[in-house]
Amino acid sequence: MTKTVLILGHSFVRRFEQFVLNSLDARVNENLNLNYDEVQISYSGHGGASLERIRALGTSYVKEQRPDVVIIQAVSNDLCKPEKTVDLIFRRLIEFVVDLRYGESVRSVVILQTLHRIAPLKPTRYQVDLPWFNSRVDELN
C-alpha cells in the first residue's frame, strides 16, 4: 500500500517543489526519487504564510488528502514578528502537531528545523535584524 506524504509550509516549500519539478538533474524528481508504488509526495507551500495560515490551509489539505505523514516547514515568518513571543510560536506549533496527530489521525508528523538566516547578497523585500532573528531561532530550536 502506498504511503502518502504532505510537505507543508511557507515559500521554502513552494520553492523546493519548483526546484524538484524543474530540475534538469536526472537524479531529482518530484517524488524525491522514492518508488511511486511505495510513497507519494505532495507539496503545499504558501509564500509569506504565518503558522496560523499554514495550519488553516494544511488542515483542509489533510482532511482532503488523508496523508500518512505530514512534514512541516514553518514558523520563520512568525519569528520575524516582534509581537509574537518564541514561546507562543512554539506552543501554537505543538498545538498544530497534536491536532494533526489526534484530531486528523495523521500517523506521523515531522517538524523541520528552523535555520538561521544569513545576510542576503542583494536587497530583499523582507528585511529583518539578523542577530535578533537568529537568537529567536536558537531559542525556538
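Here the sequence shown stands for residues 1 to 141, numbered as in the UniProt record's numbering.
Note that CB positions come from ideal geometry on N, CA and C, so glycine has one too.
These figures come from a predicted structure and were not determined experimentally.
| request: Compute the Euclidean distance between the alpha carbons of residue 107 and residue 61, then round it to the nearest angstrom. | output: By 1-based counting over the sequence shown, the position of residue 107 is 107. By 1-based counting over the sequence shown, the position of residue 61 is 61. Spanning the two alpha carbons is a distance of roughly 15 Å.
| task | Could you tell me whether the segment 50-69 touches the segment 14-34, where touching means 3 or more Cβ pairs closer than 8 Å? | result | no
| query | Between residue 6 and residue 70, is the Cβ-Cβ spacing less than 8 Å? | reply | One-based indexing of the sequence shown puts residue 6 at position 6. One-based indexing of the sequence shown puts residue 70 at position 70. Against a cut-off of 8 Å, the Cβ pair of residue 70 and residue 6 comes out as a contact.
| request: Determine the direct distance from the alpha carbon of residue 133 to that of residue 81, and round the result to whole angstroms. | output: Start at 1 with the first residue of the sequence shown, and residue 81 comes out as number 81. Start at 1 with the first residue of the sequence shown, and residue 133 comes out as number 133. Distance between the alpha carbons of residue 81 and residue 133 is about 9 Å.
| field | Selection from 110, 12 and 131 that minimises the alpha carbon distance to residue 118 | value | Against the sequence shown, residue 118 aligns to sequence position 118. Looking at the Cα atoms, 131 is the closest of the given residues.
| request: With distances taken Cα to Cα, identify the nearest neighbour of residue 77 among 104, 2, 11 and 68. | output: Residue 77 sits at position 77 when you count from the first residue of the sequence shown. Comparing Cα-Cα distances from residue 77 to each of 104, 2, 11 and 68, the minimum goes to 11.
| Spatially closest choice to residue 113 from 93, 102 and 122, by CA coordinates | Here residue 113 is taken as the residue at index 113 of the sequence shown, counted from 1. Nearest C-alpha to residue 113: 93.
| request: Can you grab the Cα-Cα spacing for the pair residue 91 / residue 68, in whole Å? | output: Here residue 91 is taken as the residue at index 91 of the sequence shown, counted from 1. Here residue 68 is taken as the residue at index 68 of the sequence shown, counted from 1. If you take the alpha carbons of residue 91 and residue 68, they lie about 23 Å apart.
| If you run the structure through DSSP and keep just helix, strand and coil, what is residue 43? | Position 43 of the sequence shown, counted from the first residue, corresponds to residue 43. Note: residue 43 maps to strand in three-state DSSP.
| field | Other residues of its chain near residue 2: CB distance less than 8 Å, five sequence neighbours each side excluded | value | In the sequence shown, residue 2 corresponds to position 2, counting from 1. Same-chain partners within the cutoff: 36, 37, 38, 39 and 40.
| request: Could you pull the start and end residues of the beta strand (DSSP E) that residue 65 belongs to? | output: Counting from 1 along the sequence shown, the entry for residue 65 is found at position 65. No beta strand (DSSP E) holds residue 65; the alpha helix (DSSP H) holding it covers 51-65.
| said: For a quick check, are the C-beta atoms of residue 48 and residue 14 less than 8 Å apart? | reply: Taking the sequence shown and counting its residues from 1, one reaches residue 48 at position 48. Taking the sequence shown and counting its residues from 1, one reaches residue 14 at position 14. No.
| query | Quick one: is residue 24 buried, meaning 16 or more other Cβ sit within 10 Å of its Cβ, or exposed? | reply | Walking along the sequence shown from the start, residue 24 turns up at place 24. Result: exposed.
| Closest by CA to residue 97, which one among 30, 138 and 58? | Working through the sequence shown from its first residue, we reach residue 97 at position 97. Out of 30, 138 and 58, 58 has the C-alpha closest to the C-alpha of residue 97.
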